[in-house]
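Take 166 as the starting number for the sequence shown in our numbering and just add one per residue.
Encoded as structure tokens, the structure appears first; notes follow it.
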Amino acid sequence: MGCFGNKDKSSSKEEEILDSKKILLLGAGDSGKSTIFKQLQRIYNNGFPVEERILKKNVIYENVLRNMMSLIKATHTFQIPIENEDNRERAGKIDQLSSKVLLSIERVWSSELGLEIKKLWEDPGVQRTFQKRSAFQIEDSAQYYFDNLERICEENYIPTEEDIVRARMKTTGLIEQKFVSHNTEFVMIDVGGQRNERKKWIHHFEGVDVVLFVTSMSEFDQKCYEDDQTNRMKESLQLFEDHINSRWFTNAQVYLLFNKYDLFEQKINAGVRLQDTFETYTGEKDPNIARDFIINLFTSKDINSKLVNVSCVTALDLAELGKQIEAMIQTIISRSKQQQENQNNQQQQPHHH
């Protein structure tokens with residue numbers, strides 16, 4: 166895997182820094198903001214060294230157990246029987262665990278537990294329940310971890326970068342990382358997206374050059390994590406409307422990123438009805454029409470034409486995301502040069518650095 170050796174980044178350290186820009190990542194919980202944040206660490210900052218990944222083992226175990234707890238709970242909700250008798254017994258054991266165990270996962274996790282979860286995952290009843298996943302709270306990465314349980318249960322397991330990127334850790338407070346591109350130092354700030362975190366956002370709005378608003382395109386048929394009632398996309402739309410027109414961002418460039426585009430296409434192609442959420446939609450099962458409809462819902466909230474760019478991404482696709490981020494950075498730089506020149510022309514002073 167050679168975390169350090171895959172790209173020679175030492176040259177960027179010597180790059181002369183002529184400018185600095187502050188990028189704020191905004192979006193509702195589960196939009197994939199933190200995935201993008203972690204992917205940037207792979208694109209620009211050598212990714213995650215082995216020592217750091219080893220420390221995250223418990224986070225992965227916790228993700229696996231939490232998602233199986235949700236699945237077993239859902240088998241009861243939908244009254245779907247678990248077919249295999251041994252699996253019913255395994256499910257019973259997991260049912261008895263309280264969510265408190267997730268806070269001290271090292272006390273309950275063992276390879277045996279992991280392999281029992283693998284057997285449960287393979288049960289037809291659990292699989293049938295998983296098909297209804299839009300109707301209950303389970304993470305997008307659940308299937309990835311369940312499918313990789315054999316590797317995760319190995320004694321000398323070291324999480325891969327992919328494991329880390331998919332791991333769910335609620336962002337609380339603020340995390341930031343710096344990266345350099347085109348002689349510009351970017352400071353990217355990720356703030357928690359869950360509702361109780363949002364009141365703190367305002368503290369970080371001062372002096373922001375770029376707002377990157379992330380929303381999940383696939384969430385049109387899912388409910389919010391916090392109340393299990395509000396539609397996630399409607400919540401995200403409201404959040405976008407509140408911020409795109411905020412006086413704080415009068416001078417900021419705003420970019421809108423629709424994430425989880427691959428899952429969105431799968432849903433529409435599978436016949437999940439967008440019109441059940443948005444009655445005015447008439448485009449049936451065409452992902453392109455559905456995509457344009459959703460983009461339009463958001464862009465119509467932008468009454469002051471603040472949006473610089475809208476794009477659809479799958480943040481887990483590192484190469485694709487890298488291209489999109491690079492294009493965005495070039496736009497950010499050329500637009501801010503343009504702004505600078507306009508200001509200079511208005512002042513009609515000789516142009517100097």
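Each residue gets a CB set at the ideal place from its N, CA and C atoms; glycine is no exception.
Remark: C-beta atoms of M334 and V229 do not approach each other more closely than 7 angstroms. Counting only runs of 3 or more residues that sit fully inside the stretch 371–430, the beta strand (DSSP E) segments are 375–381, 418–424, in chain order. Across the structure, S401 and Q292 are spaced so that their CA atoms are roughly 29 angstroms apart.
Per DSSP, V215 is not a residue of any beta strand (DSSP E); the alpha helix (DSSP H) it occupies stretches across 215–219.
Contact annotation, H408 with L191: C-beta distance approximately 6 angstroms; criterion of less than 8 angstroms satisfied.
In the DSSP assignment, Q342 falls within the beta strand (DSSP E) that extends over 339–346.
With respect to the 7 angstroms criterion, T380 and S196 are classified as neighbours on the basis of their beta carbons.
With contacts defined as CB atoms closer than 7 angstroms, L377 and V356 fail to qualify as a contacting pair. In this structure, DSSP gives T325 a state outside helix and strand, which the three-state scheme calls coil.
Of the candidates F458, E491, Q244, R298, E491 places its Cα closest to the Cα of F351. In the structure shown, the three-state DSSP call for S306 is coil.
With fewer than three CB-CB distances shorter than 8 angstroms, the stretch 465–475 does not count as touching the stretch 307–323. In the structure shown, V356 falls within a strand segment according to DSSP collapsed to helix, strand and coil. The Cβ-Cβ distance between M234 and I282 does not fall below 7 angstroms. A straight line joining the alpha-carbon of T325 with that of D427 spans about 22 angstroms.
For D184, the enclosing beta strand (DSSP E) covers residues 184–191.
In the same chain as T240, and ignoring 5 residues on each side of it, the C-beta atoms closer than 8 angstroms to its own belong to P246, I247, A256, G290, V291, T294, in chain order.
Look at L472 here: in three-state DSSP terms it is strand. With respect to the 7 angstroms criterion, E227 and I270 are classified as neighbours on the basis of their beta carbons.
Shown here, F443 sits in coil according to DSSP, grouped into three states, outside any helix or strand.
With fewer than 16 other Cβ atoms from the protein chains shown falling within 10 Å of its own Cβ, L268 counts as exposed.
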